[in-house]
Every structure is written in C-alpha cells, then in structure tokens.
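Participant: Line order of the protein sequences matches chains A and B.
Residues 2 to 352 (this note's numbering) are what the first sequence spells out, left to right.
Residues 2 to 352 (this note's numbering) are what the second sequence spells out, left to right.
This is the structure I want to talk about, given as structure tokens.
There are 2 protein chains.
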Amino acid sequence: MSQQGEELDGRAREVLREIVMQHVATGEAISSRSLAKCGRFQLSPASLRNVMADLEDLGYLAQPHTSAGRVPTDRGYRFFINYLMKSRVLTQRERETIDEQVSHGTEIDHVLHEASLTLSRLADQVGVVFMPTLLQFAIRSMDFVLVAENKILSVIVGTNGVVVNKVVETRLNFNREELEKIGRFISVEFFGLTLDQIRRRLVNMTEEERAMQDEMLQKTIALGIEAVNDVRTSENDLYVEGAASILTKPEFSDTVALRKTFLALQEKEKLIDLLNSCLTEEGLQILIGSESDFTHVHNFSIVAKSYGSHNAPLGVVGIIGPMRMEYARMAPLVDYLGRALSRKIEEEEHG
Amino acid sequence: MSQQGEELDGRAREVLREIVMQHVATGEAISSRSLAKCGRFQLSPASLRNVMADLEDLGYLAQPHTSAGRVPTDRGYRFFINYLMKSRVLTQRERETIDEQVSHGTEIDHVLHEASLTLSRLADQVGVVFMPTLLQFAIRSMDFVLVAENKILSVIVGTNGVVVNKVVETRLNFNREELEKIGRFISVEFFGLTLDQIRRRLVNMTEEERAMQDEMLQKTIALGIEAVNDVRTSENDLYVEGAASILTKPEFSDTVALRKTFLALQEKEKLIDLLNSCLTEEGLQILIGSESDFTHVHNFSIVAKSYGSHNAPLGVVGIIGPMRMEYARMAPLVDYLGRALSRKIEEEEHG
DNA sequence: CGTTGGCACTCTTTTGGTGAGAGTGCCAGG
DNA sequence: CCTGGCACTCTCACCAAAAGAGTGCCAACG
C-alpha cells in the first residue's frame, strides 16, 4: 500500500470524502444520485457509479444489500481520517466550556469526572475518562489525621498534585503528635517514590524492625502499609458518562443492539484494557471498528488522547460512539480537552 | 372510600391479588381463562369475567383494548400493596450480600455508591441512593493539612462518622503549626454545630475581628469560611445505578419509551426533589405511577426508604422501576438495606 | 476513451387483505 | 348466583402484490 494513500486518484478521493461526509450526516447509505445532486462533481450518476464500484473493489465502500447505496467501511473511514479529513476548528463556546470546566475544581477526581460529563455533552457521545492506579506515581508528602478512636485518615499528595485520601482502621492507638511525626518521617524518607516502592520498603523494614524493637517504628510501618494498600482500586478510576446519548443514534434503534451496547459499556475491565493501551501513545488516537478487539465486537469507534504531565501520562480521555461519527469534530474536541487537562496538571505540579 | 379498603368483598380481593401477581410475573394482560386455570377459584371463566368487570368499574383494572385481558391500574396496585401483599422474606443470600456490602467500606460516600449498585443488582432494577447536602449535619472535628504552597486540605468529620474533605486554595500562608492550632480551635469551639451554623458564626466573627486586629483569628476565619463553603455540592450526592436493567424489561422494548426513560433518569434535579420529599418519612414509601409528578410523567414506580441515625435522617435509598414490579420482593429489599445503612451509621456515631 | 442515458434486474419496504386466535359481553337456562 | 354458548371485536401473523430505490451493464456519443 502506498504511503500517502496515493492509490486513489483525486476524483476517487473526493468521492470518498463526500460519501463519508454525507453518510455521517444522514446515517444512510449514499447513492450515486445523491452524490450527483450535491453539485461538487460535474458528473452523471452513471459515472459516479463507476467510481463507486472501484472504491468498493478496493475495500473502501460496501453495500448493505444489492439495491442500496454505499456505506464507508472501516478502511474507508481510516483513509478519510488519515488523508481526507479537515478537522473542524472548535467554536468559541466549545473552547470556553472546556476551559471553564477544567479550571473550575481543585480535586482531580472531581475534575476528571466533570470532564467526562462535559465531553459527553459537547460531543453528544459517550464520554470516558480513565485514570489508572496511582501505584506508579510518586508521592510528595503523606499526612495522617485522627478521625476517631482507631480510625485515621491518610492523605497522600502526589508530585503531580493529585490528592488521595483513605480512612484506615487500626487496632493500634495513635495520638496526634505521633501521627504528625509519622507523617513527617514518611514524607521525608520516601519523597519521590511510588506507592508501590514505598510499600515494598515498608515490608522490608518489618524484618529489620524485629531486631530493633522500636515501638514508634513499628507503628509507623503498620500505619504506612495500611495507608498505601488498596489505594484507588479499579472501581473508581473509570468514568463513563452520557450513555443515554447512544439512544438517539439511529444505528441503535434496534433494541437488541442497544442492549448489547449498554452491557458492553458496563464491562469496565475490557474498557480499561483498551484505554490502558492508549496510555503510552503521544498524540490523538482513533480506533475504528475492527481495529481493536473491543471496538470490533461491538462496532464502536473510539477517539482518545492521553493526558498528564510532560514526563509521564496520567490517564486517558476519550469518546466512544458508533463508527459513523463526526471525526472531524470529535478529534479536536478530545484533543483540546486532553491538552487542557494536561495543562491543568502541570500547573498543579509546578504551581 | 372505606378505611380498610373494604369496598371489595373477599372474592374480589382474591381475584385482584391473583391478577396482580400473574401480571407481575408475566407482564401480560390477564384473561378470565387464565384465572380460572390457576385453580385458586372454583369458578368458571364467565363468573370471573363478572368479577373482573366489577373491578374495572371500580377503577382497579383496565383493558388495553376490547379483546384483551385486564391489567392492574395504579389504584389496583395501590390496593394490592396496602391490603393484599404478603412481603416475601429475603433469602439468606440477599441478606448476606447486603450485610457484607454495607459493613465493608469505611468511607460513607463509597459505601453509599456501592449500596446503589448492590441494590440494583439484587432487585434487577435501577437503584438510587441519595444523600442531601451536609450543611444540616453536625461536625465532630475539623482538621487542616498542608498539601502545597497555598493549598490546604480540610477534613471535616461529622458526628455521624461521615468524613468529607475538600481542597481549599488561599492567598494566605499557613504553616503546619498554625493549621493544627486552627483545627483544634474550630473543633473545640464549634463541636456539634452544623456547617451552616458554623459559617454564620464565622461570618459574624468577621465583624468582631475588625476591632481586635488579631492576625491568627483573621486567618482562622478566612480558612474556616472557605472550608465550609460549597461542601458537597448537589452534583455528588445522588447515585443512580443499573440503568441497563430497564433494557430487559418488556415494557421498554419500544425504543421511544426507552429513550424517554433514560433521559428522565438523567434529570437529577427532578429526582432529587422527589427523594427529598421521601426524606422526612419514617417507614418504607412506595409511590406508584400517577401518585407523584415525576413518576406520573414517566410511568415509574418508586420504592424508597430513608436512612440515618435515630434523630435525623441522612438520606434516601430506593428502587426505580416500571409500575409492574415485584413489590413483595422490592419492599423488603429496600427496607433491609435502609436499616443496614442506618445501623452502620449509628455504629460510626457511637463507636 | 471517458461520459452518459437507458433499461433490466434485485432487493427492500409498504400496503392491503385475510384468517386464526384470544378475549370479552351478554343472554338464556340450570 | 353460576355457567355454557355465542356473537362481536380487536390484534397479530402471514402472504402477496406493488412501489421505490439503486445498481450494473451496455450501447451510443463527443
């Protein structure tokens, strides 16, 4: 296959583009007649039929049935996105909505959740925001607050400004001074390490401690291990919002398809796998239908972008929708939101 | 209307009960023949038809069309629930599932969210859990943790064991000792007051402070006001889970009805209004179809119960589903979950 | 040689009609 | 008061016919 997708001459490219655009707009199969009517070609339906037949032979178009118009295939969409699409510029309002929403909150969880809602509304698709386990991120400090007898709130601040907290129950008794001392100790000792590394160190220290018989150290280790255990389990870190938007899409007017789709969106593990694979990628990613296992089975497409600070991606934000979606609008939307989130996070980090 | 619903004689009551039960089980209109076949009546279809015609005249039954069987009306369901229903005893498994889930977590937000999921799964309906603004609840203590320059995490513990935290950004500079002092001051001074009361007191103090020119007090007031402002906005306090369950209900096989229903479930304000009105009620509440504005429009029913500690309700837990639901099973489920949550919360409070 | 009008062909969708089935209401007789 | 019988109504499934949409191919044209 030629590198620039040059196996298509100019006219064929224009026809493919027009078909994709019309199909995205109407949701219906496109006939040679409606192409002729659009006025962009000085050709008769018969001539356009020839071009369309060629495009079908090359695998860019398909016919639902003999006497129907043509519909783009996965390959057709892929070609469109790679070579034909002109991304729409976001409207003032779209940009403002995103900026406003992102700059609004301070707690990252909340901001991300809102982001998925905003994205869903702007795109009129399902919005997803994924934030993988924090175990791989470095901490800046750790504090402990006595909440009740035997109940302690641990507050972990990441170097990227993320704040996580968790209530720890313990048999041991701590007073405020001890807690403060422990927090200071851990913050100094483990600055810059990931939760995972910290846990391992603490476990190692258990051994050493046996010899030393230092009560304070013992308490520190016990509390520390509890605090880093199970932080942010897989339940909390995937927001899927706006599922109702797919109800208005004609491709899901069939109840059976609808049901399957909804159940698929509930299978968070599969989704997490998919989004995880988007995590390391730099730019905007678009996966169409058969291009990944998950989207293949359910005939989705996904437009995704990772966000985070310079050195390390923190998570993925994206849109899930039917293959037939306005990629030219979705792409800049997701891209812009991803950048806005990244900017926000870097501000937190350095500010 | 007679108080005990005695306008119906024994036979009519039995017929109504049987019709409701069969209809709930099958989802179809019930004919005189299928009633005769069930064996509980020693009557011919023709006789049952007479009884059914009477029940229809009284508004307990309705016919979808002339040559169809009968279906219970709102009034029919209401009568069934008030006078005829025998609540099913929960299975061992159901009780275990609820107990386990409720006793599991420590953070109340998380527990409540899980509760809505559990309820949805057990009931195979939409589960809702509502927790209104915390402004009306009393605090036990308040702590502040320095998260970053100009960024402070406030931790508020309610007398009911609820832990809320919020990141506050401020122009003022605080060091750890100051924060601890402020926390201790507020905890002691405002113990048992509601956030709302605290805010008002702090605002009042602003005036007094002008005269005194005490820098520390000034900082305390500024930080305190920030901390109690906007705690738990209306966004976070309603969990609606298991919307996919309605996809399997035959009454929503029509795509249009489905769409309307989903959109209705997204209108959280309306739902919150409704649940708020359930908050003050003591026992289990069941609202059927036309009995409330919201359920009327969308032809829902709702089974709800408030939970909380002895003196004050904290929130509402419930099920939303089609009018045709197994009330005899839903009622004890919701009731049991509500009690379990209340027990949990009281434990936190006293433990 | 690319383009075009014409035409036969295919497949889907709509329409109308018919018959079976389900259920009721009512009546007359037990 | 109960019950069998019967006429009536409404729905649903099925089928056939017709309409509509679109293609493929061919022959003619510039």
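Backbone N, C-alpha and C define an ideal beta-carbon position, used for all residues, glycine too.
As the structure is a prediction and not an experimental result, all values here were calculated from the model.
Which residues in chain B sit within 7 angstroms of Val-146(A), going by Cβ to Cβ distance?
Facilitator: Result: Asp-144, Val-146, Val-156.
Participant: From Pro-323(A) to Phe-301(A), what distance separates their C-alpha atoms?
Facilitator: So the alpha carbons of these two residues sit roughly 5 angstroms apart.
Participant: Buried or exposed: Met-217(B), going by 16 or more other Cβ atoms within 10 Å of its Cβ?
Facilitator: Exposed, since its Cβ has fewer than 16 Cβ neighbours within 10 Å.
Participant: Just curious, the alpha helix (DSSP H) that Asn-205(A) is in, first and last residue?
Facilitator: It spans 196 to 213 - the alpha helix (DSSP H) in which Asn-205(A) sits, taken as one unbroken run.
Participant: Taking only runs that begin and end inside the stretch 60 to 141 of chain A, name each unbroken alpha helix (DSSP H) of 4 or more residues, in chain order.
Facilitator: The qualifying runs are 75 to 80, 93 to 105, 109 to 124.
Participant: Which residues in chain B have a C-beta closer than 8 angstroms to the C-beta of Leu-259(A)? List them in chain order.
Facilitator: The answer, in chain order, is Leu-248, Thr-256, Leu-259.
Participant: In its own chain, which residues sit with a C-beta less than 6 angstroms from the C-beta of Glu-227(B), not counting the 5 before and 5 after it?
Facilitator: Once the five neighbours on either side are set aside, the close Cβ partners of Glu-227(B) are Val-169.
Participant: Whose CA, out of Leu-118(A), Val-112(A), Ala-54(A), lies closest to the CA of Ala-245(A)?
Facilitator: Of Leu-118(A), Val-112(A), Ala-54(A), the residue nearest in Cα terms is Leu-118(A).
Participant: Going straight from the alpha carbon of Glu-282(B) to that of Thr-262(A), what length do you get?
Facilitator: Near 38 angstroms, if we compare the C-alpha coordinates of Thr-262(A) and Glu-282(B).
Participant: What's the call for Arg-94(A), buried or exposed, on a 16-neighbour Cβ count within 10 Å?
Facilitator: With fewer than 16 Cβ atoms within 10 Å of its Cβ, Arg-94(A) is classed as exposed.
Participant: What does Leu-264(A) reach in chain B if we use C-beta pairs closer than 9 angstroms?
Facilitator: Simply Ala-245, Leu-248.
Participant: Check the Cβ-Cβ distances between Val-298(A) and every residue of chain B, and say whether any is below 8 angstroms.
Facilitator: No, no contact with chain B.
Participant: At a Cβ threshold of 8 angstroms, is Gln-198(A) touching chain B?
Facilitator: No, Gln-198(A) does not count as interfacial toward chain B.
Participant: For Lys-220(B), report the span of its alpha helix (DSSP H) as first-last.
Facilitator: That run of the alpha helix (DSSP H) goes 216 to 229.
Participant: Please classify Cys-357(A) as buried or exposed, where buried requires at least 16 other C-beta atoms within 10 Å of its C-beta.
Facilitator: Residue 357(A) falls outside the range modelled here, since chain A spans only 2 to 352, and no answer is possible.
Participant: Of the residues Leu-239(B), Asn-161(B), Arg-260(B), which one's Cα is nearest the Cα of Ile-247(B)?
Facilitator: Ranking the options by Cα distance to Ile-247(B), first place goes to Arg-260(B).
Participant: What is the residue span of the alpha helix (DSSP H) that Leu-36(B) lies within?
Facilitator: Unbroken alpha helix (DSSP H) run through Leu-36(B): 33 to 38.
Participant: Since Gly-166(B) meets chain A, which of its residues come closer than 7 angstroms, beta carbon to beta carbon?
Facilitator: First, the residue type needs correcting, since residue 166(B) is Asn and not Gly in the sequence shown. Within 7 angstroms Cβ-Cβ: Asn-166.
Participant: Can you find the residues in the same chain that come closer than 6 angstroms, C-beta to C-beta, to Phe-191(B), ignoring five residues on each side of it along the sequence?
Facilitator: So the list reads Ile-199, once near-sequence residues are dropped.
Participant: Counting Cβ pairs, one atom from each stretch, are 3 or more of them under 8 angstroms apart for the stretch 76 to 90 of chain A and the stretch 328 to 344 of chain A?
Facilitator: Contact holds: three or more Cβ-Cβ distances are below 8 angstroms.
Participant: Does the structure place the stretch 7 to 27 of chain A close enough to the stretch 50 to 64 of chain A that three or more beta carbon pairs sit under 8 angstroms?
Facilitator: Yes: the two stretches touch, three or more of their Cβ pairs being nearer than 8 angstroms.
Participant: Which chain B residues are close to Glu-227(A), counting only those with a beta carbon under 9 angstroms from its beta carbon?
Facilitator: None at all; the shortest Cβ gap to chain B is about 11 angstroms.
Participant: Give me the chain B residues within the contact set of Gln-267(A), using Cβ-Cβ distance strictly less than 7 angstroms, ordered along the chain.
Facilitator: Ala-245, listed in chain order.
Participant: Is Gly-193(A) close to chain B, meaning its C-beta is less than 8 angstroms from at least one C-beta of that chain?
Facilitator: So no, Gly-193(A) is outside the interface.
Participant: If we count Cβ pairs, one from each stretch, closer than 8 angstroms, do we get three or more for the stretch 285 to 302 of chain A versus the stretch 71 to 84 of chain A?
Facilitator: With the cut-off at 8 angstroms, the stretch 285 to 302 of chain A and the stretch 71 to 84 of chain A touch.
Participant: Need the endpoints of the beta strand (DSSP E) that Asn-166(A) sits in, please.
Facilitator: First-last of the beta strand (DSSP E) with Asn-166(A): 164 to 170.
Participant: Would you say Ser-343(B) and Gly-309(B) are within 8 angstroms of each other, going by their C-beta atoms?
Facilitator: Yes, they are a contact pair.
Participant: What does Glu-108(A) touch in chain B if you count any residue whose Cβ is under 8 angstroms from its own?
Facilitator: Here the neighbours are Lys-167, Val-168.
Participant: Leaving out five residues before and five after Ala-212(B) in sequence, what residues of the same chain have Cβ atoms less than 7 angstroms from its Cβ?
Facilitator: No residues qualify anywhere along the chain.
Participant: Skipping 5 residues on each side, what residues in its chain have a beta carbon closer than 8 angstroms to that of Cys-39(B)?
Facilitator: Glu-19, Gln-23, listed in sequence order.
Participant: Looking only at its chain, what residues have a beta carbon closer than 7 angstroms to the beta carbon of Arg-325(A), apart from the 5 residues adjacent to it on each side?
Facilitator: Here the set comprises His-24, Val-25, Gly-28, Glu-252.
Participant: Would Gly-162(A) pass as an interface residue toward chain B - the criterion being a Cβ-Cβ separation below 8 angstroms?
Facilitator: With 8 angstroms as the cut-off, Gly-162(A) counts as an interface residue toward chain B.
Participant: Please return the same chain residues whose Cβ sits closer than 7 angstroms to the Cβ of Thr-207(B), not counting the five positions on each side in sequence.
Facilitator: Cβ neighbours of Thr-207(B) beyond the five flanking positions: Ile-222.
Participant: Under three-state DSSP, which class holds Lys-152(B)?
Facilitator: DSSP places Lys-152(B) in strand when its eight states are reduced to three.
Participant: Start and end of the beta strand (DSSP E) containing Ser-188(A)?
Facilitator: Counting along the chain, Ser-188(A) falls outside any beta strand (DSSP E), though it belongs to the alpha helix (DSSP H) covering 177 to 191.
Participant: Do Ala-139(B) and Gly-162(B) have their CB atoms nearer than 8 angstroms?
Facilitator: Going by C-beta atoms, Ala-139(B) is not nearer than 8 angstroms to Gly-162(B).
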